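Asks: Residue numbers (our numbering): 9 to 186.
Using N, Cα and C, we set each Cβ at its ideal position, and we do this for glycine too.
On a predicted model such as this, the values are computed, not experimentally measured, just so you know.
One structure, pasted below without further comment.
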Amino acid sequence: MEMKKIPVQAVIETERFDLRPLRRSDMGLIELYFADARVAHMTTSIPHPVPPGVTEAFVTRAMADERDEDVWAMDGSKSGASELMGLISLERMDREQSEVGYWVAPPYWNTGLASDAVQALVEANPMHNKTMFASVFQDNPASARVLTHCGFQYLGDAESFSLARDTTVPTWTYLKKL
């Protein structure tokens, strides 16, 4: 019999919010924000419009024992904010590396939430990575500022396909040595 280690996803606490694993009750707000073109167009993986079942499949994958990505809800309920202000994730890569991805719900834009969430995730380093990567679309300089504010260094230009835009979009790639 082979015993597989199930990755446990930690709760990461800050004064303002907690980064916690997703739960089924998050699906309504996730679907609401996935359906917002402003959010979808700044990601590679959210289609727009969102087909039926996409949100449920996403949450099911995020909650699965065998997953290649840990997804946390930015939960502000401890400070009177929403239970879901955005999402942040770490996708496992080889050689003790991961890729950070995040989006913030429009009501929380320009509040420092993204920077605080990325910084909390970097400091917690729940996967014990040696390096974290991230990329942002070049028409989203606010996300680039989040990364540089959190100590990520510019690595170079690339491009990624955006489902919502249905095209390849130029990106900036960043890394942080831990």
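1) Assuming residue 97 contacts residue 77 (C-beta within less than 8 Å), just tell me the rounded distance between them.
2) Under 8 Å between the Cβ atoms of residue 95 and residue 108?
3) Can the beta-carbon of residue 68 be found less than 8 Å from the beta-carbon of residue 38?
4) To which residues does DSSP link residue 24 through a beta bridge?
5) Give me whichever residues DSSP pairs with residue 106 in a beta bridge.
6) How would you write the range of the beta strand (DSSP E) that residue 170 sits in, first residue to last?
7) Do you know offhand how far residue 101's Cα is from residue 136's?
8) Out of 161, 172 and 171, which one is the CA nearest neighbour of residue 180?
9) Taking the alpha carbon of residue 114 as the reference point, which residue from 40, 170, 87 and 163 has its own alpha carbon closest?
10) Return the bridge partner residues of residue 83 from the DSSP annotation.
11) Helix, strand or coil, according to DSSP, for residue 36 in the structure here?
12) Based on Cα-Cα distance, which residue from 72, 50 and 42 lies nearest to residue 58?
13) Tell me residue 112's beta-bridge partners as DSSP assigns them.
14) Using a Cβ cut-off of 8 Å (strictly closer), state whether residue 160 contacts chain C.
15) Roughly how many angstroms separate the alpha carbons of residue 18 and residue 31, rounded to a whole number?
16) Is there contact between the segment 121-137 and the segment 171-178, where contact requires at least three CB pairs shorter than 8 Å?
17) Please state whether DSSP places residue 67 in a helix, a strand or coil.
18) Between the alpha carbons of residue 91 and residue 26, how many angstroms are there, rounded?
19) Please name the residue, chosen from 121, 86, 50 and 182, that lies closest to residue 159 on a Cα-to-Cα basis.
Replies: If we stick to the structure as given:
1) 5 Å
2) no
3) no
4) According to DSSP, which records beta bridges pairwise, residue 24 is partnered with nothing at all.
5) 100 and 140
6) 161-170
7) 12 Å
8) 161
9) 40
10) 26
11) helix
12) 42
13) 94
14) Chain labels in this structure do not include chain C; a single protein chain is all it has.
15) 14 Å
16) no
17) helix
18) 9 Å
19) 182
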